[in-house]
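Q: If you read the sequence shown in this note's numbering, its first letter stands for residue 48, the second for the next number, and so on. Backbone N, C-alpha and C fix where the C-beta goes; we use that ideal spot for every residue, glycine too. Since this is a predicted model, take the numbers as computed values, not measurements. One structure follows; several queries about it will come next.
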Amino acid sequence: MKPIQFTNQTAQKIYSDYITRIKRTTQPLDKKDQEEILMELNSHIYEGLLQLDPTNEIENLVNLLDKLGAPEEVLKPLVAQKKLEQATKTFNPKHIFKALALNLSNGVLYIVFAFLYLTLFGFVYLIIAKILHPNQVGLFFKEGKFHLLGIRNSHQVKILELTEVLGYWFIPTMLFIIVVLYILITLLLRMKRKKFTLLHSITMYYL
48 MKPIQFTNQT AQKIYSDYIT RIKRTTQPLD KKDQEEILME LNSHIYEGLL QLDPTNEIEN
108 LVNLLDKLGA PEEVLKPLVA QKKLEQATKT FNPKHIFKAL ALNLSNGVLY IVFAFLYLTL
168 FGFVYLIIAK ILHPNQVGLF FKEGKFHLLG IRNSHQVKIL ELTEVLGYWF IPTMLFIIVV
228 LYILITLLLR MKRKKFTLLH SITMYYL
């Protein structure tokens, strides 16, 4: 991006500070998205200034930036959606949780998705518990019927005459379930994702 040059130093500082705020606001995104947003807003500022009297740079710039809005506010929904797009494309857990954190205020459904991802840690806990207490954790049946997927102490297993049917296959089974559920939840999140453009975001802000 080529920075806009001003003859007035105060106007240059105001512009530079605004660009810095854009960079800070878009920091959660990858470099490509950051650069795209920065170039789009910079172009918007440049084109806006061309339509105004160049003799009063400070007033023109301040009025234009006021209309454009604070980057922390106007870019918030766009950054959240861009991060969500990145997360659902890469399936990276780090990006997933950052995207959900940014979108929690955008609807109850995102809270539901966050809860679904957190439930996967329950399966991780069962794997750890199986390693530590192999006879108390597993898929339990009683008289050929499903009884419990989880934890029972040794006394309950004996009293209730439970049979753990997976043994150490319990661990790869749980890993398989975690992977499958993670993929399915992420695909559902991808379907939910709304596609926003920067122009749309700015237009909605003005409305």
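Along the chain, where does the beta strand (DSSP E) containing F223 start, and where does it finish?
A: For this step, residue 223 is matched to residue 176 along the sequence shown. It is not in any beta strand (DSSP E) - F223 instead sits in the alpha helix (DSSP H) that spans 217-239.
Q: Kindly indicate which three-state DSSP category K189 falls into: helix, strand or coil?
A: What you label residue 189 is simply residue 142 of the sequence shown in a count that begins at 1. Here K189 sits in strand by DSSP.
Q: Do P118 and T67 have their beta-carbon atoms positioned less than 7 Å apart in this structure?
A: Residue numbering aside, residue 67 sits at position 20 when the sequence shown is read from its first letter. Residue numbering aside, residue 118 sits at position 71 when the sequence shown is read from its first letter. Going by C-beta atoms, T67 is not nearer than 7 Å to P118.
Q: Measure the C-alpha to C-alpha separation of L234 and V226 and round it to an integer number of angstroms.
A: Stepping through the sequence shown from its first residue, residue 234 is reached at position 187. Stepping through the sequence shown from its first residue, residue 226 is reached at position 179. Cα to Cα, L234 sits roughly 12 Å from V226.
Q: Measure the alpha-carbon distance for F144 versus F223 and round it to whole angstroms.
A: Indexing the sequence shown from 1 puts residue 144 at position 97. Indexing the sequence shown from 1 puts residue 223 at position 176. Approximately 21 Å between the Cα atoms of the pair.
Q: To the nearest angstrom, how far is the alpha carbon of K123 from that of N89?
A: One-based indexing of the sequence shown puts residue 123 at position 76. One-based indexing of the sequence shown puts residue 89 at position 42. Distance between the alpha carbons of K123 and N89: 17 Å.
Q: Between L76 and K129, which are expected to be in contact by the criterion C-beta below 8 Å, what is the C-beta distance as a whole number of angstroms?
A: If you number the sequence shown from 1, residue 76 lands on position 29. If you number the sequence shown from 1, residue 129 lands on position 82. The pair is a contact, with the Cβ atoms about 5 Å apart (cut-off 8 Å).
Q: Buried or exposed: which applies to L156, given that a residue is buried once 16 or more other Cβ atoms fall within 10 Å of its Cβ?
A: On the sequence shown, residue 156 is found 109 positions in, with the first residue counted as 1. With fewer than 16 Cβ atoms within 10 Å of its Cβ, L156 is classed as exposed.
Q: Just verifying my parser: in three-state terms, what is the DSSP assignment at T102?
A: Taking the first residue of the sequence shown as 1, we reach residue 102 at position 55. Coil.
Q: Please return the same chain residues whose Cβ sits closer than 7 Å to the Cβ of I158, not counting the five positions on each side in sequence.
A: For the purposes of this step, residue 158 is identified with residue 111 of the sequence shown, where counting begins at 1. L151.
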